[in-house]
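Here is the structure we will look at, set down as structure tokens.
Protein chains in written order, with full-length UniProt numbering: chain A, 1 to 461; chain B, 1 to 461.
Right under this line is the structure:
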């Protein structure tokens, strides 16, 4: 399924484009014009002759050019007629922002919309959605203003959301945390295109390396399962499914009309189709960030290198509580450590039982030795590096040292708890390709995702 | 137990004070001088006549003034002799930064230290610790420089840590997240003063409203249990205990020498003594922040007001998964909502079944009505307010509106997911006394702490 026409349109019509501040059709125009989108923009407004300095048309039919995508933000009852005109015009995709369809009890109106779209072979996003965003080319037809909802930088994580509001929060959050994203889709009512269609598309999208989603219920269970099974062999899929409890399911029913169904069935379907299930927003991003930046692990044996004993203990607990193992370092590795200590390259009071505690006064050179020994050990599948940057002994050479460790081809997760200085270092380390997390528990999530997805691939392929 | 002499000293001797950059005795001097501490500082150094512009003394005995606290940062083997001199001088407390005692196998040296201290009735913090900090008066004898480890503002949360490095990370983290703290104690080897002693002191400290701790193992189980049982009746105690798993316990044994003992026993002891157990750093702070800012809940029935359906569903799941309930709103409340909708004060398509979804275009006036109705309902013990600030419809009047809700005397937890704008609003809302959290899951933690501690008090008192 190729939906490139939706995300890389050469020309877009905005039906309901408006000069009036506060109108959705005004906000969409601004967002289309403000993030670098290079395609043509054609405002459509029955009353205005010009919108935001661009010539406006009474109907898409009047536009003297091909139109790839129509973004529709007008009262619901007029939407089917506009889609009809889009069909006559040869429009390929319609993003229907308008609410007032099935979610408001107007089931027939939504059926009518789908009927017209099918007749003309138009693919529909929504209705009742926030729009879609392609971070790569700045095609952003959502309607929240940038001063309220920042846009993330370009990166490998795609996100689709059954909740527009939560989707907006996610984009805003990703921007603040400097997590790069590829594409965002507000799914809305999924009258036509649903989560499985987008999963298929994103599975083939070379700009997306991890697919993430917030859903309350899937539209078609069988289709979802078969799609997920195929896509997860190509790239990781991480889903936050809400409506897990009775109260949550009730709330979901009144929110998106999703019959959440038994959570146990979802859980089993995720498990069997290789979908990683996140239980919270932060976990969703921890999983996604790890998988976007590192290769899945070949096994569950983790080595920890730390300059703080306490953090090493907490990391050990976290890993074991999530079903992973601490790697038992080989005799060869122990011997290497013993020799380095003898030669004065490593301090006498350190512990080289895993967690490898290189103690509080460790400079980056000491990290480098310990990281190498751990990564060279065949009993180690994943390396966790914990750095408490509050210690002034830890020099900035750690950035390059960690970067060099990627030559071993084993996944690495970095944890740097604290405030501003660690955060600054984190962003620098991430430029070398190693993901950095703010807390031990976030790091545990990251390792879990790499191990769990690796296991699934191992078991399946 | 009054340890005010340790945290509010009139005069401090720094034994091992140094002019040399990079020396611990230099870093301690700087920190004592840099955060507003008004007491007298007497550097002690056998070789220097002046340190950092202050007259230096060869021994504490030469200081021509009373000395309340001696901070000791010299090689371990000289420490007992210095403590002996401190005793002769009438020093009341010694903070022993020096490492090289029990943790390095030198058990006898540590026993010697304790013996001398007992003889002179000197209370000892450490040895092998990072120092202590009183945020209130700027008395900070820790040794990490501020450019690596920021200091939080003054507030009600005290923290003690068996891991100095993790303690430093916590302070740095609290500063970044603008969480106010009262006192910080790096426990070190706990040769004399232990976690129970400090718990007793902090329990009586009027500047501390919540006591938090990171521990790997307690020094004396019976003492801890009895102390906790008393203190939790006065104020909440939140503990992050690591070494819960076999691998974690092993790592703890090599880190602090703690025989972590069976985790099941700790768990039971926490439960029975009213200690809230946090499983991660973030949870520790979520619990502490909620309890520092709001009163414990009288029950477990939670109402949710939200402008985003999805976030309401996730919050419902989170609360139920942690054993809480969604409040069933009374018929009176339903009637009020119906009336307000009829009168056009609330929108037709909103849901007033809990979660109360006032939908995406809600301004603060709509929040105010919904919050009041929820808080007036006798079936509601706690109110959760979720605001997706990405919607430009939500005006800044929400700050004052939420502040006004405190008149009902029920605990309120606010959740504002996203990036910079929500964060800015969060800090403003917190000035009214309502704690704000970044994600739904953090908000769930906050409610849990208020409910769980409230239940304990209810059952015990």
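Every residue gets a Cβ at the ideal spot worked out from N, C-alpha and C, and that includes glycine.
Check your understanding: Looking at C-alpha atoms only, which residue of A:324, A:167 and A:91 is the closest neighbour of residue 12 (chain A)?
Key -> As a working note, residue 12 (chain A) is residue 12 in the first chain. Comparing Cα-Cα distances from residue 12 (chain A) to each of A:324, A:167 and A:91, the minimum goes to A:91.
Check your understanding: Should residue 349 (chain A) be labelled buried (16 or more other beta-carbon atoms within 10 Å of its own) or exposed?
Key -> For this step, residue 349 (chain A) is matched to residue 349 along the first chain. So residue 349 (chain A) ends up on the exposed side.
**Study point:** Within the region 55-125 of chain B, ranges of the alpha helix (DSSP H) (whole runs, at least 4 residues)
**Key:** Fully enclosed alpha helix (DSSP H) runs of 4 or longer: 79-89 and 107-120.
Practice item. Check residue 273 (chain B) in the structure and name its three-state DSSP category. Key: Here the question's residue 273 (chain B) lines up with position 273 in the second chain. If DSSP states are grouped into helix, strand and coil, residue 273 (chain B) belongs with the helices.
Check your understanding: By a C-beta neighbour count over all protein chains shown, 10 Å radius and 16 as the cutoff for buried, is residue 264 (chain A) buried or exposed?
Key -> One-based indexing of the first chain puts residue 264 (chain A) at position 264. The residue in question, residue 264 (chain A), is exposed, as its Cβ has fewer than 16 Cβ neighbours within 10 Å.
Check your understanding: Which residues of chain B have a Cβ atom closer than 8 angstroms to the Cβ of residue 254 (chain A), listed in chain order?
Key -> Residue mapping note: residue 254 (chain A) aligns to position 254 of the first chain, counting from 1. Residues of chain B passing the Cβ test: 309, 351, 353 and 357.
**Study point:** 7 angstroms CB neighbourhood of residue 453 (chain A) in its chain, flanking five on each side removed
**Key:** Residue mapping note: residue 453 (chain A) aligns to position 453 of the first chain, counting from 1. Result list for residue 453 (chain A): 236, 276, 291 and 296, in chain order.
Point to revise | Span of the beta strand (DSSP E), counted from its first residue to its last, around residue 144 (chain B) | key: Residue numbering aside, residue 144 (chain B) sits at position 144 when the second chain is read from its first letter. No beta strand (DSSP E) holds residue 144 (chain B); DSSP gives it neither H nor E.
Review point. First and last residue of the alpha helix (DSSP H) that includes residue 160 (chain B)?
Key: Within the second chain, numbered from 1, the residue matching residue 160 (chain B) stands at position 160. Per DSSP, residue 160 (chain B) belongs to no alpha helix (DSSP H); it is in the beta strand (DSSP E), 154-161.
Practice item. In angstroms with no decimal places, state the Cα-to-Cα distance between residue 481 (chain B) and residue 412 (chain B). Key: Because chain B here runs from 1 to 461, residue 481 (chain B) falls outside it and cannot be looked at.
Check your understanding: Which runs of the alpha helix (DSSP H), 4 residues or longer, sit entirely within the region 379-451 of chain A?
Key -> 398-404 and 420-431
Check your understanding: List, in order along the chain, the chain B residues whose C-beta lies closer than 9 angstroms to that of residue 391 (chain A)?
Key -> The count along the first chain starts at 1 and reaches residue 391 (chain A) at position 391. Neighbours of residue 391 (chain A) on chain B, chain order: 144, 148, 149, 165 and 168.
Point to revise | Nearest-angstrom Cβ-Cβ length linking residue 388 (chain A) and residue 165 (chain B), presumed shorter than 8 angstroms | key: Along the first chain, read from residue 1 onward, the residue named residue 388 (chain A) stands at position 388. Along the second chain, read from residue 1 onward, the residue named residue 165 (chain B) stands at position 165. Sure, about 4 angstroms apart at Cβ, within 8 angstroms.
Point to revise | Members of the region 290-320 of chain B that neighbour chain A once the beta carbon cut-off is set at 9 angstroms | key: 304, 306, 307, 308, 309, 310, 311, 312, 313, 314, 315, 316, 317, 318, 319 and 320
Review point. Which one of B:24, B:59 and B:34 has the shortest CA to CA distance from residue 131 (chain B)?
Key: Residue numbering aside, residue 131 (chain B) sits at position 131 when the second chain is read from its first letter. The candidate whose alpha carbon is nearest that of residue 131 (chain B) is B:24.
**Study point:** Under 8 angstroms (Cβ pairs) to chain A, residues found in the region 422-435 of chain B
**Key:** For the region 422-435 of chain B, the set of positions with a beta-carbon nearer than 8 angstroms to some beta-carbon of chain A reads 422 and 423 in chain order.
Exercise for review: Check whether the Cβ atoms of residue 282 (chain A) and residue 441 (chain B) sit closer than 8 angstroms, and answer yes or no.
Suggested key: Numbered from 1 along the first chain, position 282 holds the residue referred to as residue 282 (chain A). Numbered from 1 along the second chain, position 441 holds the residue referred to as residue 441 (chain B). Yes.
Check your understanding: So what does residue 215 (chain A) bridge to, in DSSP terms?
Key -> By 1-based counting over the first chain, the position of residue 215 (chain A) is 215. A:241.
Check your understanding: Is it right to say residue 272 (chain A) is buried, meaning 16 or more other beta carbons lie within 10 angstroms of its own, or is it exposed?
Key -> Counting from 1 along the first chain, the entry for residue 272 (chain A) is found at position 272. Result: exposed.
Point to revise | Bridge partner(s) assigned by DSSP for residue 210 (chain A) | key: On the first chain, residue 210 (chain A) is found 210 positions in, with the first residue counted as 1. Answer by DSSP bridge pairing, in chain order: A:157.
Check your understanding: If you measure from the beta carbon of residue 338 (chain A) to each beta carbon in chain B, is any gap under 8 angstroms?
Key -> Working through the first chain from its first residue, we reach residue 338 (chain A) at position 338. Residue 338 (chain A) does not count as touching chain B.
Check your understanding: Can you list, in chain order, the residues of its chain whose CB lies under 6 angstroms from that of residue 174 (chain B), leaving out five sequence neighbours each side?
Key -> Taking the second chain and counting its residues from 1, one reaches residue 174 (chain B) at position 174. For residue 174 (chain B), where only same-chain residues beyond five positions count, the Cβ hits under 6 angstroms are 152 and 181.
Exercise for review: Per DSSP, which residues does residue 357 (chain A) bridge with? Please list them.
Suggested key: For the purposes of this step, residue 357 (chain A) is taken as residue 357 along the first chain, with counting starting at 1. DSSP output for residue 357 (chain A) lists A:306 and A:351 as bridge partner(s).
Check your understanding: Nearest chain B C-beta to residue 175 (chain A) closer than 8 angstroms, yes or no?
Key -> Working through the first chain from its first residue, we reach residue 175 (chain A) at position 175. So, interface residue.
Check your understanding: Under a CB-based cut-off of 8 angstroms, is residue 11 (chain A) close to chain B?
Key -> The count along the first chain starts at 1 and reaches residue 11 (chain A) at position 11. It does not: the Cβ of residue 11 (chain A) has no partner Cβ on chain B nearer than 8 angstroms.
Point to revise | Local conformation of residue 457 (chain A) per DSSP, three classes | key: By 1-based counting over the first chain, the position of residue 457 (chain A) is 457. Of the three classes helix, strand and coil, the one that applies to residue 457 (chain A) here is helix, per DSSP.
Practice item. Give the residues of chain B in contact with residue 404 (chain A), contact being defined as C-beta atoms less than 8 angstroms apart. Key: Counting from 1 along the first chain, the entry for residue 404 (chain A) is found at position 404. In chain order: nothing, as chain B lies at least about 24 angstroms away.
Check your understanding: Quick one, which residues of the region 196-226 of chain B are near chain A if we go by CB-CB under 8 angstroms, in chain order?
Key -> 214 and 216
Check your understanding: Can the beta-carbon of residue 451 (chain A) be found closer than 8 angstroms to that of residue 382 (chain A)?
Key -> Taking the first residue of the first chain as 1, we reach residue 451 (chain A) at position 451. Taking the first residue of the first chain as 1, we reach residue 382 (chain A) at position 382. Contact flag set, yes.
Review point. Is it true that the region 14-31 of chain B meets the region 104-116 of chain B, where meeting means three or more beta-carbon pairs spaced less than 8 angstroms apart?
Key: no
Review point. Does residue 172 (chain A) come within less than 8 angstroms of chain B when only Cβ atoms are used?
Key: Position 172 of the first chain, counting from 1, holds the residue named residue 172 (chain A). With 8 angstroms as the cut-off, residue 172 (chain A) counts as an interface residue toward chain B.
Exercise for review: Mind checking the region 113-142 of chain A against chain B and listing, in chain order, the residues whose C-beta falls within less than 7 angstroms of any C-beta there?
Suggested key: Result list empty, no residue passes.
Check your understanding: Taking the C-alpha atoms as reference points, what is the distance between residue 509 (chain B) and residue 172 (chain A)?
Key -> Any property of residue 509 (chain B) remains undetermined from this structure, which presents chain B solely from 1 to 461.
Point to revise | Cβ contact (3+ pairs, closer than 8 angstroms) linking the region 190-199 of chain B and the region 213-224 of chain B | key: yes
Exercise for review: Pair every Cβ in the region 133-144 of chain B with every Cβ in the region 193-204 of chain B, then say whether three or more of these pairs are closer than 8 angstroms.
Suggested key: no
Check your understanding: In chain order, what residues of the same chain have a beta carbon less than 7 angstroms from the beta carbon of residue 122 (chain B), not counting five sequence neighbours either side?
Key -> As a first step, residue 122 (chain B) must be located in the second chain, where it is residue number 122. Correct list, in chain order: 83, 86, 87, 91, 92, 93 and 94.
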